[in-house]
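Novice: Take 109 as the starting number for the sequence shown in this note's numbering and just add one per residue.
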Amino acid sequence: MENLQLYLAIISGVALLLFLIMKWKLNAFLSLLFSSIWVGLIGGLGTDEIINSISKGMGDTLAFVATIVGLGAIFGALLEHSGGAQALAKYLLKKGGESRSRLALLTTGFIVSIPVFFDVGIIILMPMVKALAKKSNRHVLYYALPLLVGLGITHSFIPPTPGPVAVADILKVDLGYAIIVGSIVGIPIALICGLLVSKKLVPQDEPVEVDDNPEEVSAPVDSQLVHTIMWILGLPIFLILIGSLLKTLANEEIIAQSQFIDLLGFIGHPFVSLLIGTLLALYFLGIKKGVGKDDLFKVTNNSLAPAGSIILITGAGGILKTVMINTGIGDIIAQGMLNTSFSVLLLAYLVTVLVRIMQGSATVAMLTGAGIVAAVLPGIDLSMLEKTFIMMAIAAGSIVLSHVNDSGFWLVNRMLNQSVQQTLKSWTILSTVISVTSFALIFIMYQFV
109 MENLQLYLAI
119 ISGVALLLFL
129 IMKWKLNAFL
139 SLLFSSIWVG
149 LIGGLGTDEI
159 INSISKGMGD
169 TLAFVATIVG
179 LGAIFGALLE
189 HSGGAQALAK
199 YLLKKGGESR
209 SRLALLTTGF
219 IVSIPVFFDV
229 GIIILMPMVK
239 ALAKKSNRHV
249 LYYALPLLVG
259 LGITHSFIPP
269 TPGPVAVADI
279 LKVDLGYAII
289 VGSIVGIPIA
299 LICGLLVSKK
309 LVPQDEPVEV
319 DDNPEEVSAP
329 VDSQLVHTIM
339 WILGLPIFLI
349 LIGSLLKTLA
359 NEEIIAQSQF
369 IDLLGFIGHP
379 FVSLLIGTLL
389 ALYFLGIKKG
399 VGKDDLFKVT
409 NNSLAPAGSI
419 ILITGAGGIL
429 KTVMINTGIG
439 DIIAQGMLNT
449 SFSVLLLAYL
459 VTVLVRIMQG
469 SATVAMLTGA
479 GIVAAVLPGI
489 DLSMLEKTFI
499 MMAIAAGSIV
509 LSHVNDSGFW
519 LVNRMLNQSV
529 QQTLKSWTIL
539 STVISVTSFA
549 LIFIMYQFV
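1) Hey, how far is the Cα of S306 from the Cα of V508?
2) Which residues bound the alpha helix (DSSP H) around T336?
3) According to DSSP, is G423 helix, strand or coil?
4) Given that a residue counts as buried once 16 or more other Cβ atoms are within 10 Å of its Cβ, and exposed if not, what is T460?
5) CB-CB under 7 Å to N111, same chain, minus the five flanking residues each way: which ones, in chain order?
6) Taking DSSP as the reference, what is the three-state secondary structure of G152?
7) If M499 sits next to V281, beta carbons under 8 Å apart, how far is it from one beta carbon to the other, in whole angstroms?
8) Taking C-beta to C-beta, are S143 and V173 nearer than 9 Å?
9) Taking only three categories from DSSP, how would you classify G376?
10) Assign P223 to one of three DSSP states: helix, strand, or coil.
11) Put P486 into one of helix, strand or coil per three-state DSSP.
12) How do the segment 394-407 and the segment 182-190 stand: do at least 3 beta-carbon pairs fall below 8 Å, yes or no?
13) Could you pull the start and end residues of the alpha helix (DSSP H) that G260 belongs to?
14) The alpha helix (DSSP H) that contains P311, what's its start and end?
15) What do you reckon, are the CB atoms on G423 and T175 nearer than 9 Å?
16) Give the list of continuous alpha helix (DSSP H) stretches no shorter than 4 residues that lie fully inside the segment 456-530.
17) Counting only the same chain and skipping the five closest in sequence on each side, list residues whose C-beta sits under 6 Å from that of G217.
18) Do you know offhand how far G271's Cα is from L475's?
19) Taking C-alpha atoms, which residue in I300, G229 and I427 lies nearest to A136?
20) Can you tell me which of the three DSSP states S190 falls into?
21) Taking three-plus beta-carbon pairs below 8 Å as touching, is the segment 329-347 in contact with the segment 382-399?
22) Put W132 into one of helix, strand or coil per three-state DSSP.
23) In or out: P486 buried (at least 16 other Cβ within 10 Å) or exposed?
24) Can you tell me whether DSSP reads R246 as helix, strand or coil?
25) Once you ignore the five residues that flank L200 on each side, which residues in its own chain have a CB closer than 7 Å to its CB?
26) Which residues in the same chain as L179 place their Cβ atom closer than 7 Å to its Cβ, once the five residues preceding and following it in sequence are excluded?
27) Hey, W146 and S120 are a contact pair by Cβ (cut 8 Å); roughly how many whole angstroms apart?
28) Have a look at M492 and P311 and give me their C-alpha separation to the nearest angstrom.
29) Tell me the rounded alpha-carbon separation between G468 and N359.
30) On the CB-based measure, 16 or more other CB atoms within 10 Å of its CB, does F547 come out buried or exposed?
31) Can you give me the C-alpha to C-alpha distance between I363 and I552, rounded to a whole angstrom?
32) Does I278 pass the burial test, meaning 16 or more other C-beta atoms within 10 Å, or should it be called exposed?
33) In this structure, how does DSSP classify P414 when only helix, strand and coil are distinguished?
34) Would you call the segment 239-251 and the segment 262-271 in contact, with 3 or more CB pairs under 8 Å?
35) Leaving out five residues before and five after I480 in sequence, what residues of the same chain have Cβ atoms less than 6 Å from its Cβ?
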């Protein structure tokens with residue numbers, strides 16, 4: 109009877125979450141919070157236990173995530189304000205030539221989405237896509253789809269973007285592992301879907317329609333700005349990887365602990381490495397380019413508004429995880445999985461897919477999937493690499509079937525001046541192919557861990 113009550117708690121909790129977001133159009137933060145309290149009540153927690161779960165879940169999650177998301181938002185805003193994203197795209201297009209323009213846009217999206225939100229990346233780079241389409245007299249989707257693939261894959265798979273950072277924290281996955289495995293999964297899928305599959309989805313019998321005055325791509329390229337952006341962007345990631353490697357080697361007693369190792373580990377912590385990158389961006393993309401103090405203040409201050417929403421939603425996801433752990437739901441599911449051949453990897457993917465399809469938000473889908481899986485993990489003995497692949501399965505599920513309940517779908521639709529049917533036949537299908545192929549690759553790799 110107790111097990112039945114716990115299963116009822118999780119099923120009704122997810123149903124309530126979907127109902128509040130889809131039917132009542134309630135903010136995701138409030139929806140996750142209400143659903144967490146509901147799960148606690150139905151799952152048998154006392155009122156004091158629920159309050160403590162809310163406090164602990166929010167505090168533990170934001171202790172790590174808030175700092176990284178905040179720094180990443182400032183970094184991304186500086187990149188946008190400096191014109192760095194457009195400069196990078198022009199630079200890659202110039203180097204690759206027209207024959208490699210789709211690869212250049214794919215690469216641009218992949219890199220830009222590291223510090224910049226998916227929606228922002230679309231807004232600042234779509235004029236470049238329209239200019240290319242007009243210049244070459246090709247359908248706009250010929251260039252837009254590779255860019256969208258690059259933006260979408262990094263947004264879902266590779267920290268320090270907010271979604272992967274939040275999932276990594278909830279599942280206690282080392283960010284160094286997440287960056288490496290996310291790249292191993294993301295790069296080949298990006299090439300396959302962005303260059304090969306996307307080409308099949310470009311309409312051949314529809315007229316080419318592009319805005320009259322798209323951004324000019326033949327304007328001079330600021331190579332110095334591009335080089336500055338590349339090393340500022342790469343430095344924090346490099347430091348995180350070094351810090352993670354040294355931490356792993358020291359824990360495995362392959363290398364001895366020392367003050368030097370501790371110092372490199374400190375510099376390589378995401379807090380410190382991203383702070384270094386942000387300070388460098390403030391100087392090289394702001395002060396050195398002649399941006400005044402007042403303008404810099406406005407740019408950095410305004411960047412925290414969307415970050416605040418992401419931070420609160422992420423914290424609410426942490427609450428859901430903590431409530432489910434405290435009710436014992438995770439132990440019941442874990443025990444059931446151990447008694448059957450059902451894989452936690454498949455559970456992670458399917459739960460995330462379900463929530464994504466039903467309510468549209470990739471972030472909410474990732475947090476819900478991570479919360480349920482995190483409740484299961486304490487009952488299963490998994491290595492860090494295995495947990496990282498589970499994190500990637502959640503990422504794969506979060507990008508599936510972008511359709512009319514997804515804000516990203518409508519942004520793509522509006523920016524490209526497409527009909528709903530055209531967007532469904534292109535980006536919706538492509539996002540689903542990305543999800544299915546990436547999960548297939550993750551599943552195969554997981555078998556060898």
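Built from N, CA and C at the ideal position, the CB exists for glycine as well.
Specialist: A quick look at the data gives this:
1) Straight through space, the alpha carbons of V508 and S306 are spaced by roughly 15 Å.
2) S331 to N359
3) In the three-state DSSP reduction, G423 falls in the helix class (H, G or I).
4) Around the beta carbon of T460, a 10 Å sphere encloses 16 or more other beta carbons of the protein chains shown; the residue is thus reported as buried.
5) Here N111 has I440 as same chain residues with Cβ atoms under 7 Å from its own Cβ, once five neighbours each way along the sequence are excluded.
6) G152 falls in the coil class under three-state DSSP.
7) 5 Å
8) Going by C-beta atoms, S143 is not nearer than 9 Å to V173.
9) coil
10) coil
11) helix
12) yes
13) L249 to F265
14) Segment: none, P311 is in no alpha helix (DSSP H) and carries neither H nor E.
15) Taking 9 Å as the Cβ cut-off, G423 and T175 do not qualify as a contacting pair.
16) 470-484, 492-506 and 515-523
17) Exclusion of the five residues before and after G217 leaves L255, G258 and L259 as the residues of its chain whose Cβ lies within less than 6 Å of its Cβ.
18) The alpha-carbon atoms of G271 and L475 are separated by roughly 8 Å.
19) I427
20) coil
21) yes
22) coil
23) exposed
24) coil
25) A212, T215 and T216
26) L382, L383 and T386
27) 7 Å
28) 44 Å
29) 40 Å
30) buried
31) 32 Å
32) buried
33) Helix at P414.
34) Counting Cβ pairs under 8 Å, fewer than three are found: no touch.
35) V459
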